[in-house]
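Number of protein chains: 2
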Amino acid sequence: MAADAKAKTVRKVPRGEKRREELAEVAGRLFLKHGFAETTMQMIASEAEASKETLYRHFSSKEALFAELISARAAAVAGPQSALARDEPPATALFELGMSLLRLITKDEGPSLFHIIIADAHRAPELAAIFYERGPGTTLKRLTDYLRSATQRGQLRCPDPRRAAKLFVGAVIAHHHLHCLIGQPPSPITSGEMREHVQAAVEMFLSHFGGQAGMGRETDSESAAPQPEES
Amino acid sequence: MAADAKAKTVRKVPRGEKRREELAEVAGRLFLKHGFAETTMQMIASEAEASKETLYRHFSSKEALFAELISARAAAVAGPQSALARDEPPATALFELGMSLLRLITKDEGPSLFHIIIADAHRAPELAAIFYERGPGTTLKRLTDYLRSATQRGQLRCPDPRRAAKLFVGAVIAHHHLHCLIGQPPSPITSGEMREHVQAAVEMFLSHFGGQAGMGRETDSESAAPQPEES
DNA sequence: ACTTAACCGAACTCACCGGTACGCATTATA
DNA sequence: TATAATGCGTACCGGTGAGTTCGGTTAAGT
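For the protein sequence lines, the chains are A and B, in the order given. Just so we're aligned, residue 426 is where the first sequence starts under my numbering, counting upward by one. Just so we're aligned, residue 426 is where the second sequence starts under my numbering, counting upward by one.
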C-alpha cells in the first residue's frame, strides 16, 4: 500500500531519554547548520518526526536547548593534550599539537561551532565565555605549561612562555580560521597543505625559541616532521 | 509651555542628503552595536528622531541599508601599506605593519565590524567576500609581495613568501582577534602590551626568515622596535 | 489486558518586525 | 506668499515564530 511506502512511517517511536537524545541530535545538527535565529522549533520537530509539544516537554525553551547543546560540544574543542603530556621532544609535540588544532578548526563541526559561538556571542555571552575557556583558553594554558617545563629541562628557551604559546598557536591557526569563519564553502585544505603549514610554523618557532640542542635551524626539514601515527 | 521643555523638539530638521547622512550614521552605529537581526528599522528611526517612512524614503530596504553601510566601512579595513611601500628594512616594516593590524583589529569599530561580518556571513556571503578581499586578503597580498622582493634584495630569505606572510600575520593577530570576537567587553589591551607582542612576533619571524645581514637573532631587542611615528 | 504516561498533529495566542498608506506639519524655493 | 517636496506620527497589513492547549493515539510497565 501507499501507507508503508516510507519505512520510517511505521518505526517504533522511542520514549523518554532515548527520544530526548534523538531530538537533541537533530537540534544540534540544525543549529550548527543554520544558526540560532534561522532555526525554528518547528524545523527541529519536523526533522525529528516529532511534534512541538514533545520538544517542549523535553526542553524548556529554545534558548535552553541551544545552551545545552553548545556547552556539551564545548568539551570537544579542548585541544588534545596527548603530545604535550607525553614527554615528546618539542619538535614532535608542537607538530602534533599544531595538526590537531588545525584539524579541529577546519574539519567536521569545527567551523560551524566557532561560527555560531561568535555570531551569538552578544546574545549569549556566558556561553561564549565558557566556550573560550574550555577551548582556546585551555589549549593556550596547556601549551604554556609545556613550554615552561621544556625550558626548565633545557629543551627550549622561552623567557615568556605564555607569549610564545600565543605566537605559535596564532601562526598555526590564524589564516585558516578566519577563512573558515568568513567564507564557509571554500575550506578544501588538503592534508598535505596542513602538514606543510604546521611544519613551517614549528620550524619558525624553534628557530627562535629552540634550546641549545641540535634542533635549531636545519636544512633537513624532515627531522622535525615525524609522520603522525594516525591520519 | 510643556511643548518646548525638550530643546531637541524645536531643532530644524535638515532635508535631503544631510538627513540621509544622519540616518546612515545612526544606522551604522546601531548595526555595529546590536547586529543585523537585533536592530529594527523602528529603532533606527527613533534614535535618529525620524519616522520609518523617512527611513524608507532614503533607503529601499533594511537589507540595502545594511549592505551600503558595511561595504562603505570595508574600505577602512584595508591594512595600511605605508611601511611596506617605503623601502624600510624588514624589522621596521614588519613592526609597523603588525602594530597597524593589531590596532585595526582591537580598536574602535574593528571588533564590531569583524563580528557582524562573520555573524551574517551565511546571510550575506557576497558582502563577506568583498570584505575579506579588501581587508585580510589585501593585507596578505601586500605582505607577500614585500617579502618576495625583500628576499630578492637579499634582506630576507623566504622561499615561500605567501606562507611566511600567513605565519607572521597569524602570530600577530590570532589570539587577540579571537578574544575580541568571542568576548567583546574585555579588550583592554594596553599600547605597551601591543608593542611587546608585535615585537616578539617580529623577532621570531626574523630569526627564521632573516637574511644574512645583522638582523638575525639579537639580544638587543630595541634595535628592531623603533617608535612608530604616530600614536 | 489494562492503565498510564508519553507522543502526535493541528489549531491557537501573542508578540514582533518589515514594509506601506494616509493626513498633517514643516521647509526650501520661486 | 504660494507651491512642491520632504518629513512626521500613527495606524495598518502580512508574515513569522515562540510557546500553549487539546483530543486522540501509541508505547511501556504491571
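Idealized CB from N, CA, C, for every residue including glycine. Remember, predicted model here, so these are calculated numbers, not experimental data.
#1: Less than 8 Å between C-beta atoms, sequence neighbours within five positions excluded: which residues of the same chain meet that for residue 457 of chain A?
#2: Relative to chain B, which residues along the stretch 591 to 610 of chain A have a C-beta separation below 9 Å, given in chain order?
#3: By the three-class DSSP mapping on this structure, what secondary structure does residue 579 of chain A have?
#4: Among B/450, B/631 and B/487, whose alpha-carbon lies nearest the alpha-carbon of residue 472 of chain B?
#5: Residue 501 of chain A and residue 508 of chain A - do their beta-carbons sit closer together than 8 Å?
#6: DSSP puts residue 383 of chain B in a beta bridge; with which residues?
#7: At 8 Å on the CB atoms, spell out the chain B contacts of residue 410 of chain A, in chain order.
#8: Evaluate residue 441 of chain A with the Cβ neighbour count: other Cβ atoms within 10 Å of its Cβ, from every protein chain shown; 16 or more gives buried, anything less gives exposed.
#9: How far does the alpha helix (DSSP H) with residue 560 of chain B in it extend, from its first residue to its last?
#10: Using three-state DSSP, classify residue 586 of chain A as helix, strand or coil.
#11: Could you pull the start and end residues of the alpha helix (DSSP H) that residue 531 of chain A belongs to?
#12: Less than 8 Å between CB atoms is the rule here; does residue 534 of chain A satisfy it with respect to chain B?
#13: For residue 623 of chain A and residue 524 of chain A, which I take to be in contact (beta-carbon distance under 8 Å), what is that distance rounded to the nearest angstrom?
#14: Take residue 503 of chain B as the anchor and find which of B/590, B/530, B/550 and B/543 has the nearest alpha-carbon.
#15: I need the straight-line Cα distance from residue 626 of chain B to residue 462 of chain B, nearest angstrom please.
#16: Report the neighbours of residue 632 of chain A on chain B: residues whose CB is nearer than 7 Å to its CB, in chain order.
#17: Are the stretch 591 to 598 of chain B and the stretch 474 to 482 of chain B in contact at 8 Å, needing three or more beta carbon pairs?
#18: Could you name the residues of the same chain whose beta carbon sits closer than 6 Å to that of residue 445 of chain B, not counting the 5 residues immediately before and after it, in chain order?
#19: For a quick check, are the C-beta atoms of residue 543 of chain A and residue 606 of chain A less than 8 Å apart?
#20: Please report the straight-line C-alpha distance between residue 584 of chain B and residue 515 of chain B, rounded to a whole angstrom.
#21: Output needed in chain order: residues of the stretch 481 to 496 of chain A with a Cβ under 8 Å from some Cβ in chain B.
#22: I want to see whether chain B comes within less than 8 Å of residue 561 of chain A, judged by CB atoms only; does it?
#23: Take residue 586 of chain B and list the residues in its own chain whose beta-carbon comes closer than 7 Å to its own, dropping the five residues that flank it on each side.
#24: My output table needs one value for residue 457 of chain A: the three-state DSSP class, helix, strand or coil.
#25: By how many angstroms is the C-alpha of residue 466 of chain B removed from the C-alpha of residue 560 of chain A?
#26: Would you say residue 588 of chain A lies against chain B (beta-carbon separation less than 8 Å)?
#27: Taking beta-carbon pairs under 8 Å, can you tell me which members of the stretch 555 to 584 of chain A lie near chain B?
#28: Is residue 366 of chain A buried or exposed, if buried means 16 or more other CB atoms sit within 10 Å of its CB?
#29: Roughly how many whole angstroms lie between the Cα atoms of residue 432 of chain B and residue 476 of chain B?
#30: Tell me which residues of the stretch 504 to 534 of chain A have at least one Cβ-Cβ distance to chain B shorter than 8 Å, keeping chain order.
Quick look at the numbers:
#1: Counting only residues of its own chain and dropping the five nearest sequence neighbours on each side, residue 457 of chain A has a CB closer than 8 Å to the CB of 534, 537, 538 and 541.
#2: Within the stretch 591 to 610 of chain A, the residues whose Cβ lies closer than 9 Å to any Cβ of chain B are, in chain order, 591, 592, 593, 594, 595, 596, 597, 598, 599, 600, 601, 602, 603, 604, 606, 607, 608, 609 and 610.
#3: Three-state DSSP puts residue 579 of chain A in coil, outside helix and strand.
#4: Selection B/450, B/631 and B/487 evaluated against residue 472 of chain B yields B/450 as nearest (Cα-Cα).
#5: Between residue 508 of chain A and residue 501 of chain A, the CB-CB gap reaches or exceeds 8 Å.
#6: What the structure shows of chain B is the stretch from 426 to 656, and residue 383 of chain B is not part of that stretch, so it cannot be assessed.
#7: Lying outside 426 to 656, the shown extent of chain A, residue 410 of chain A is not represented and no answer is given.
#8: Classification for residue 441 of chain A: exposed.
#9: Here residue 560 of chain B belongs to no alpha helix (DSSP H), and DSSP marks it neither H nor E.
#10: DSSP places residue 586 of chain A in helix when its eight states are reduced to three.
#11: Following the DSSP letters along the chain, one finds residue 531 of chain A inside the alpha helix (DSSP H) bounded by residues 515 to 531.
#12: Residue 534 of chain A is outside the set of residues whose beta carbon lies under 8 Å from a beta carbon in chain B.
#13: Right, the Cβ-Cβ distance comes to about 5 Å (below 8 Å), so this counts as a contact.
#14: For the residues B/590, B/530, B/550 and B/543, the minimum Cα distance to residue 503 of chain B belongs to B/530.
#15: Spanning the two alpha carbons is a distance of roughly 38 Å.
#16: Within 7 Å Cβ-Cβ: 632 and 633.
#17: Segments in contact, no.
#18: The beta carbon of residue 445 of chain B sits closer than 6 Å to the beta carbons of 483 from its chain, once the five residues preceding and following it are set aside; these are given in chain order.
#19: With respect to residue 606 of chain A, residue 543 of chain A sits close: the two C-beta atoms are nearer than 8 Å.
#20: C-alpha of residue 584 of chain B to C-alpha of residue 515 of chain B: approximately 16 Å in a straight line.
#21: Against chain B - using a Cβ distance shorter than 8 Å - the stretch 481 to 496 of chain A contributes no residues.
#22: Yes, residue 561 of chain A lies at the interface with chain B (some Cβ there is under 8 Å from its Cβ).
#23: Only 569, 572, 573 and 576 meet the Cβ criterion.
#24: Reduced to three states, the DSSP call for residue 457 of chain A is helix.
#25: Cα to Cα, residue 560 of chain A sits roughly 37 Å from residue 466 of chain B.
#26: Closer than 8 Å to some Cβ of chain B, the Cβ of residue 588 of chain A qualifies, so yes.
#27: Those would be 556, 557, 561 and 565, in chain order.
#28: With chain A covering only 426 through 656, there is no way to say anything about residue 366 of chain A.
#29: Bear in mind that a pLDDT of 37 at residue 432 of chain B, under 50, signals an unreliable position, so the model cannot answer this.
#30: If the cut-off is 8 Å between Cβ atoms, the stretch 504 to 534 of chain A has nothing near chain B.
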